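First the structure, in the form of structure tokens, and then the observations on it.
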Amino acid sequence: MAPLLSYEILQHELHERMRPWISKKITEFLGEEEATLVDYIVSSTQEHVKASQMLELLQSILDDEAEMFVLKMWRMLIFEIKKVETGLSLRSKT
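Positions 7 to 100 (our numbering) are the ones given, in order, by the sequence shown.
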């Protein structure tokens, strides 16, 4: 498994910031908005579900797209976490 997929998302309240991106990607993959699935994915990240578990959960829904979706989502989450940790998010608001 790629090292990125083993990166845990801990102690960061960035989940709601991810909601629009998750919603957009799910709509692209499924062809329609699926609010229940988006809520489920967001709540799973809030519960600190590992990427490998998220991949298992989404495999039956997104088929071949599941791995790419989870990988991109984890990259984005890690980027947002690092942005907060380094203070970049604070600088961009001023």
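Ideal placement from N, C-alpha and C gives every residue a C-beta, glycine not left out.
Bear in mind the structure is a predicted one, so any value in this text is a computation, not a measurement.
Burial state of Thr51 is buried, judged by a 10 Å Cβ sphere holding 16 or more other Cβ atoms.
Residue state for His21 is assigned as helix, using DSSP reduced to three classes. Between the alpha carbons of Asp69 and Phe35 lies a distance of about 10 Å. Around the Cβ of Lys31, a 10 Å sphere holds 16 or more other Cβ atoms; the residue is buried. Residues Arg25, Ile28, Ser29 and Ile32 of the same chain have their beta carbon placed closer than 8 Å to that of Val44, with the five preceding and five following residues left out of the count.
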